[in-house]
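These notes concern the structure reproduced below.
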Amino acid sequence: MPTSTYPDVMDKLVSLCKRRGYIFQSSEIYGGAGSVWDYGPLGVELKKNLKDRWWHAMVRAREDIEGLDAAILMHPRVWEASGHVAGFVDPLVDCRTCKGRFRADKLEDARCPQKPSKHPGEAEQCQLTEARQFNLMFKTFMGPVEETAATVYLRPETAQGIYVNFLNVQQSTRQKVPFGIAQIGKAFRNEITPGNFIFRTREFEQMEMQFFVEPGTDMEWFEYWKAERMAWHQRLGLAPERLEYHQHTAGELAHYARAAFDIQFDFGGTLGFQEIEGVHNRGDFDLTQHQQYSGKKLEYYNQVENRRYVPYVVETSVGADRVTLAALVNGYREESVPGEEEGRVVLGLHPSIAPVKAAVFALTKKEGMPEMARKLATELRADFPVDYDETGSIGKRYRRQDEVGTPFCITVDGDSVADGTVTVRDRDTLKQDRIAATAVRAYLADRLNG
Ligand code: ATP
10 MPTSTYPDVM DKLVSLCKRR GYIFQSSEIY GGAGSVWDYG PLGVELKKNL
60 KDRWWHAMVR AREDIEGLDA AILMHPRVWE ASGHVAGFVD PLVDCRTCKG
110 RFRADKLEDA RCPQKPSKHP GEAEQCQLTE ARQFNLMFKT FMGPVEETAA
160 TVYLRPETAQ GIYVNFLNVQ QSTRQKVPFG IAQIGKAFRN EITPGNFIFR
210 TREFEQMEMQ FFVEPGTDME WFEYWKAERM AWHQRLGLAP ERLEYHQHTA
260 GELAHYARAA FDIQFDFGGT LGFQEIEGVH NRGDFDLTQH QQYSGKKLEY
310 YNQVENRRYV PYVVETSVGA DRVTLAALVN GYREESVPGE EEGRVVLGLH
360 PSIAPVKAAV FALTKKEGMP EMARKLATEL RADFPVDYDE TGSIGKRYRR
410 QDEVGTPFCI TVDGDSVADG TVTVRDRDTL KQDRIAATAV RAYLADRLNG
């Protein structure tokens, strides 16, 4: 079982996320739905900021990648061609004693519900069944008749929507190989053992990019994307020492892959290093399969050389929820505060993904302070998500903002009304700058970029 040098902060995060409005259990008032989570007011902003950063880096800031938003429901033949109907299975074992269900290939990651110090199958009373294959795709019916012929699937990955649109996008945008198609969207997997909060859920969001290249150049592009994607995670503020590559061995490689690397993040505790993104060299597997099953050519025509070929694909596939969790785990810290008995909890999120960029406080509810603070908050809101607070002690207000990861707190005090200056406190250094209220916008813009 992997063990990390970083502490296990998962239980504390689950409670912080509920208390502060980041993440709630789905259908909580009904006892909760199995491993499905809802993003609250702060969570939806955090995840959106993350997705925006990805979209910007992968689509907007590049000439060679186009965006797409394909539907979740697709023609059922897509999943035959992709190999998911036959092969998207996990081996499932049941325990006749405790009625627990486990992935046969991940027993070492699970605990016996009756004897948590042991893995399933290790305790004396365990009675595991033979493994049977379980398909992870959710099925539903298209149209009013519930019959086999009407079966459709909730997509288990977004990639197939890109492959089937390869020529639509290429021809409408006149892109030349090498180029990529990117999309962000929901995916569904009926996981046997979901868990660890939003790490493994049955409904999640993926940010995927398929890069179409000329055969023979694929390994070069594979190395390029491996490095690019690692750099993206670092720019997000994930600590470099908590990130590493994991190369898939021949035995681990998926049926479609010529080469594969995971980018792993150290989640702390017994979870340790786990995959947050996969970078795969898929060769021409997908386009060739779709040609065969659809009977339609999916070839690229190189006009200059008057030559047609099926491109190879290098894929980058990252979970928006999993990176959200990584950012939360990476940012969570407990600190003592000099001169104070009570310590503070800080969510050290990178300012670019923090849900609230600044909080504006009136020191007291007197002498024109609330009016000036409210006015400042309203002005700043045109450019940044800003919180306004005038209740409770200033210390408590700071703690609250630290705990949700707000990078800056701006206080309007008695002097502010007289001389037009305010204090800006930095979440991480606790340093306070006194600046003109009219300069706050530029001060924040300077520090929030990146
Ligand atoms: P795992 O082995 O962890 O189940 P995988 O290898 O099946 O993941 P991919 O199919 O490569 O994952 O999916 C790409 C990314 O999608 C993963 O790196 C992860 O970030 C995300 N992802 C996959 N399954 C889930 C899930 N059940 N819940 C949340 N995110 C997921």
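Letter by letter, the sequence shown follows residues 10 to 459 of the working numbering.
Cβ coordinates follow ideal geometry from the N, Cα and C atoms, glycine included.
This structure is a prediction, so every number in the text was calculated from the model and none was measured.
Contact check for V332 against I403 fails: the beta carbons are separated by 8 Å or more. Rounded to the nearest whole angstrom, the CA to CA distance from K305 to Q298 is 10 Å. In chain order, C121 place their CB closer than 6 Å to the CB of K127, counting only its own chain and leaving out the 5 sequence neighbours on each side. In this structure, the beta-carbon distance from P394 to K366 falls below 8 Å. Distances between the C-beta of V327 and the heavy atoms of ligand 1 include at least one below 7 Å. In terms of CA proximity to V323, P224 leads the group A329, F274, P224.
Rounded to whole angstroms, the separation of the alpha carbons of R110 and S303 is 37 Å. In this structure, F150 sits near T160, with a CB-CB distance shorter than 8 Å.
Just so you know, the alpha carbons of Y341 and P50 end up roughly 19 Å apart. The segment 45–61 makes no contact with the segment 160–176: fewer than 3 CB pairs, one atom from each, lie closer than 8 Å. Restricting attention to A368, G401, E376, the CA atom closest to the CA of T387 is found in A368. Taking the Cα positions, E253 is about 54 Å away from E376.
DSSP, read as helix, strand or coil, puts V426 in helix.
Closest by C-alpha distance to F417, out of D424, G92, P364, E232, is P364.
The alpha-carbon separation between E214 and L145 amounts to approximately 16 Å. Taking non-hydrogen atoms of ligand 1 into account, the C-beta of F270 is found less than 7 Å away from none of them.
Going by DSSP, P379 is part of the alpha helix (DSSP H) stretching over 378–390.
For A266, the three-state secondary structure derived from DSSP is coil. Within the model, the alpha-carbon separation for L334 versus T415 is close to 17 Å.
In this structure, Q273 has its CB at a distance of at least 7 Å from all heavy atoms of ligand 1. Listed in chain order, the non-local C-beta contacts of F270 below 6 Å within the same chain comprise K235, Y254, Q256, V288, local neighbours out to five positions each way being set aside. Look at D114: its beta carbon is at least 7 Å from all of the heavy atoms in ligand 1.
For M146, no beta strand (DSSP E) run applies, since DSSP gives it neither H nor E. Approximately 19 Å separates the beta-carbon atoms of G278 and S44; this is outside 8 Å, ruling out the contact.
Within 10 angstroms of the beta-carbon of Y321 lie 16 or more other beta-carbons, which makes it buried.
When the five nearest sequence neighbours on each side are left out, the beta carbons in the same chain lying within less than 8 Å of the beta carbon of E156 are those of F150, in order along the chain.
By the 16-neighbour rule on beta-carbons within 10 angstroms, E343 is exposed.
Straight through space, the alpha carbons of E412 and K21 are spaced by roughly 12 Å. In terms of Cα proximity to L439, the closest of W230, V355, Y233, Y309 is V355. Going by DSSP, Y452 is part of the alpha helix (DSSP H) stretching over 449–457.
Secondary structure in the segment 234–265: the beta strand (DSSP E) runs of 3 residues or longer, each lying completely within the stretch, are 252–256 in chain order. Judged by DSSP in its simplified three-state form, S24 adopts helix.
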